[in-house]
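Peer 1: The structure is given below, and queries will be raised subsequently.
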Ligand SMILES: [Ca+2]
Ligand SMILES: [Ca+2]
Ligand SMILES: [Ca+2]
């Protein structure tokens, strides 16, 4: 209440206008990647001239000590290789603080190797590199129509070339570049025409140039503003555009171990992008290939009405438009439906018909299986053929892995001899067989078998 009363009486306005309660704050970012530009210097030119502010690693800055209710100019100087700009007529409100975010272009030509032809050197202080030193007070000067070639540090999708004409090296104003031609090249060998035109006598002038994966930019300085000038001068050539861009990549997972129908399911994506900010997340909940929702952050909540396994896709869109996606097979459970037990299948044992002295056996198991079998003579038979032991065969086999095993149980030759000696054409024996898998699931078979 006290504050409202003071405002109504106008005392607050009077107090701040008379003091230095004004401030400007904001965030400085790279205009092409959205990444913060820490280290940017911000200077105020106005009624007061406080010390410059420097943006922190998050790109945030705060300039204080300004006169509230006044107008000034915010001068912005990005880190090395970035454009310098100024925002004139920035009004500070009477109650103190203004906010102003700033996006700066990287100048890919700044400090890049720069050459000229036919005169490769230029007069002292007017060399070709003076056109790419990120300083508009210096310039390149040529005594005749010439080309200036800049080798960019990486392939750049060029969007604009900014030319700053203006006489350099103490030459008269008429020496400023007027007629120009710009070409681009991916390799310095093959050139494509990009722009031609005539510049005004002074000031930064952007020329729209669209050229993907450009490594070289070549300017032809054709004529000065004053046709009678002894030289053609250019203070600065800047190249704006996007550098290499990698799409975001990442993963997505639900926040809870189980997801139920008709309940809120929360999903969180984790994406990274090495060269730009991520501006949006896109969600396809039903796997139809169409995004159903967009969010600014990496988390979303959704409700599914039917049980099933859904292919949920998350896309992350980066500052320059590249999209990276990841897909999750999300199981949505209906808690009212009892979960069917997974059938633990026991091993299966099957015998083919006896073929003479052979009995083929096959088994099927869900995991590695041990198979054992035994043939036992009836007591009376053993006595009749004078067999020393009733157990005439034991075998033990093992499957190589889950699946099938097949072997042949063969009547031992020793038993056959005894049978012949006793003049028997056939014999009935007791067969017992067992199959046990890794989970100790067991199947047993016991039956009579007749060999002939
Ligand atoms: Ca310069
Ligand atoms: Ca990127
Ligand atoms: Ca969809």
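Numbering (this note's numbering), first residue to last: 2 to 453.
Backbone N, C-alpha and C fix where the C-beta goes; we use that ideal spot for every residue, glycine too.
Please read all numbers here as calculations on a predicted model, not as lab measurements.
DSSP on residue 290, reduced to helix/strand/coil?
Peer 2: Position 289 of the chain shown, counted from the start, is the residue given in the question as residue 290. Residue state, collapsed to three classes: coil.
Peer 1: DSSP beta-bridge partners for residue 352?
Peer 2: What you label residue 352 is simply residue 351 of the chain shown in a count that begins at 1. Residue 352 is bridged to 362.
Peer 1: With a threshold of 8 Å, are at least 3 pairs of Cβ atoms found where one atom belongs to the segment 169–184 and the other to the segment 241–257?
Peer 2: The answer is no - the segment 241–257 does not touch the segment 169–184, with fewer than three Cβ pairs under 8 Å.
Peer 1: Residue 281: beta carbon under 7 Å from a heavy atom of ligand 3?
Peer 2: Here residue 281 is taken as the residue at index 280 of the chain shown, counted from 1. Residue 281 Cβ: outside cutoff for every heavy atom of ligand 3.
Peer 1: Going by the CB atoms, is the gap between residue 156 and residue 214 shorter than 8 Å?
Peer 2: Counted from its first residue, the chain shown places residue 214 at position 213. Counted from its first residue, the chain shown places residue 156 at position 155. Taking 8 Å as the Cβ cut-off, residue 214 and residue 156 qualify as a contacting pair.
Peer 1: How many Å lie between residue 141 and residue 134 at the Cα?
Peer 2: For the purposes of this step, residue 141 is taken as the residue at position 140 of the chain shown. For the purposes of this step, residue 134 is taken as the residue at position 133 of the chain shown. Between residue 141 and residue 134, the C-alpha separation is close to 10 Å.
Peer 1: Is the number of C-beta pairs between the segment 214–228 and the segment 248–259 that are closer than 8 Å three or more?
Peer 2: Contact fails: fewer than three Cβ-Cβ distances are below 8 Å.
Peer 1: What would DSSP say about residue 134, mapped onto helix, strand or coil?
Peer 2: On the chain shown, position 133 is the one that residue 134 refers to. Three-state result, residue 134: coil.
Peer 1: Is the beta carbon of residue 129 sitting closer than 8 Å to the one on residue 113?
Peer 2: Stepping through the chain shown from its first residue, residue 129 is reached at position 128. Stepping through the chain shown from its first residue, residue 113 is reached at position 112. No, the pair does not count as a contact, with Cβ atoms beyond the cut-off.
Peer 1: Tell me the DSSP secondary structure of residue 442 in three-state form.
Peer 2: For the purposes of this step, residue 442 is taken as the residue at position 441 of the chain shown. Here residue 442 sits in coil by DSSP.
Peer 1: So residue 432 and residue 448 are in contact, right, with Cβ under 8 Å, and what is the actual spacing, rounded?
Peer 2: On the chain shown, residue 432 is found 431 positions in, with the first residue counted as 1. On the chain shown, residue 448 is found 447 positions in, with the first residue counted as 1. Right, their Cβ atoms sit about 6 Å apart.
Peer 1: Can you name the start and end residues of the alpha helix (DSSP H) that residue 417 belongs to?
Peer 2: For the purposes of this step, residue 417 is identified with residue 416 of the chain shown, where counting begins at 1. Start and end: 414–422.
Peer 1: Taking the Cβ atom as the reference point for each residue, do residue 30 and residue 38 lie within a distance shorter than 8 Å?
Peer 2: Position 29 of the chain shown, counting from 1, holds the residue named residue 30. Position 37 of the chain shown, counting from 1, holds the residue named residue 38. In this structure, residue 38 lies closer than 8 Å to residue 30 by Cβ.
Peer 1: Using 8 Å as the threshold, is the C-beta distance between residue 132 and residue 149 below it?
Peer 2: Along the chain shown, read from residue 1 onward, the residue named residue 132 stands at position 131. Along the chain shown, read from residue 1 onward, the residue named residue 149 stands at position 148. Contact flag set, yes.
Peer 1: Which of the three DSSP states, helix, strand or coil, is assigned to residue 380?
Peer 2: Indexing the chain shown from 1 puts residue 380 at position 379. Helix, per DSSP.
Peer 1: Once you ignore the five residues that flank residue 451 on each side, which residues in its own chain have a CB closer than 6 Å to its CB?
Peer 2: The count along the chain shown starts at 1 and reaches residue 451 at position 450. The answer, listed in chain order, is 427, 429.
Peer 1: Pull up the distance between the alpha-carbon of residue 54 and that of residue 108, whole angstroms please.
Peer 2: Taking the first residue of the chain shown as position 1, residue 54 is located at position 53. Taking the first residue of the chain shown as position 1, residue 108 is located at position 107. Whole-angstrom Cα-Cα distance: 22 Å.
Peer 1: Determine contact between the segment 324–341 and the segment 360–368, defined as no fewer than three beta-carbon pairs at a distance below 8 Å.
Peer 2: The segment 324–341, when compared against the segment 360–368, does not touch it at the 8 Å Cβ threshold.
Peer 1: My understanding is that residue 313 touches residue 286, with C-beta atoms under 8 Å, so please give their C-beta distance in whole angstroms.
Peer 2: By 1-based counting over the chain shown, the position of residue 313 is 312. By 1-based counting over the chain shown, the position of residue 286 is 285. Residue 313 to residue 286, Cβ: 6 Å. Contact.
Peer 1: Report the rounded CA-to-CA distance for residue 126 versus residue 190, giving the unit in angstroms.
Peer 2: Along the chain shown, read from residue 1 onward, the residue named residue 126 stands at position 125. Along the chain shown, read from residue 1 onward, the residue named residue 190 stands at position 189. Distance between the alpha carbons of residue 126 and residue 190: 29 Å.
Peer 1: Taking Cβ to Cβ, would you say residue 56 is nearer than 8 Å to residue 78?
Peer 2: Here the question's residue 56 lines up with position 55 in the chain shown. Here the question's residue 78 lines up with position 77 in the chain shown. Not closer than 8 Å, so no.
Peer 1: For a minimum of 3 consecutive residues, which ranges assigned as the beta strand (DSSP E) are wholly contained in the segment 108–174?
Peer 2: Listed in chain order, the complete beta strand (DSSP E) runs (minimum 3 residues) inside the segment 108–174 are 115–118, 141–143, 147–166.
Peer 1: Give the single residue among 111, 221, 65 whose Cα lies nearest to the Cα of residue 81.
Peer 2: Taking the first residue of the chain shown as position 1, residue 81 is located at position 80. Nearest C-alpha to residue 81: 111.
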